[in-house]
Amino acid sequence: MRPIQNNDVFHAIAHPARRAILVTLRGGERPARELAAPFDMTFAAISQHLRVLEEAGLVEVRRDGRQRLYRLRPQPLSGVVSWIDEFAAFFSERLDALGEHLDRKHGKRR
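Encoded structure:
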């Protein structure tokens, strides 16, 4: 297994609010106030979550007048997907081996 290259991405997606923001941004660019609306937390807290996402490279920010508009940058998630895929293969092999063992134990053939 390869070492994890960017722990910032893992940290960024660890919080449910940040994951929800990323899901919202799949629909396109959104202003910070709109991203904050569904959450029962202060705007300062949402701003901190957005900063974590930005520092991890998961969102881009641009100014439009007084608004800050956020856009999803999914590329850094490819490392997470690769890491999870390695575990999926590991568990798939283990489950196959368990199935074969149980089949042998109970006299079944695959």
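Each position in the sequence shown, counted from 1, maps to that position plus 936 in the working numbering.
Cβ coordinates follow ideal geometry from the N, Cα and C atoms, glycine included.
- Task: For the alpha helix (DSSP H) containing R1004, list its first residue and its last residue.
- Result: Within the sequence shown, numbered from 1, the residue matching residue 1004 stands at position 68. That residue, R1004, is in no alpha helix (DSSP H); its beta strand (DSSP E) goes Q1003 to L1008.
- Query: At what residue ranges does the segment 972-1043 contain a whole run of the alpha helix (DSSP H), taking only runs of 4 or more?
  - Reply: 979-991 and 1013-1041
- Query: Is the beta carbon of L971 sitting closer than 8 angstroms to the one on T960?
  - Reply: Stepping through the sequence shown from its first residue, residue 971 is reached at position 35. Stepping through the sequence shown from its first residue, residue 960 is reached at position 24. A contact, by the Cβ cut-off of 8 angstroms.
- Message: Once the 5 residues before and after A948 are set aside, which same chain residues still bring their CB inside 8 angstroms of it?
- Response: On the sequence shown, residue 948 is found 12 positions in, with the first residue counted as 1. So the list reads R954, V988, L989, E991, A992 and L994, once near-sequence residues are dropped.
- Applying the criterion that 16 or more other CB atoms from any shown protein chain within 10 Å of the CB defines a buried residue, is L958 buried or exposed? As a first step, residue 958 must be located in the sequence shown, where it is residue number 22. Per the 10 Å Cβ criterion, buried.
- Task: Could you work out which residue in H951, P1010 and R1002 is closest to I982 when comparing CA atoms only?
- Result: For the purposes of this step, residue 982 is taken as the residue at position 46 of the sequence shown. I982 has its Cα closest to that of H951, out of H951, P1010 and R1002.
- Message: Buried or exposed, going by whether 16 or more other CB atoms sit within 10 Å of the CB of M937?
- Response: By one-based count along the sequence shown, residue 937 stands at place 1. Residue placement at M937 is flagged as unreliable, the pLDDT there being 41, under the threshold of 50; a coordinate-derived value is accordingly withheld.
- In its own chain, which residues sit with a C-beta less than 6 angstroms from the C-beta of M968, not counting the 5 before and 5 after it? Here the question's residue 968 lines up with position 32 in the sequence shown. Just to set this straight, residue 968 is Ala in the shown sequence, not Met. Closer than 6 angstroms at the Cβ level, and outside the excluded window around A968, lie R1004.
- Message: Just checking R999 against the ligand HEM - is the residue's beta carbon closer than 7 angstroms to any of the ligand's heavy atoms?
- Response: As presented, the structure is devoid of all ligands, the ligand HEM included, so that no description of it is given.
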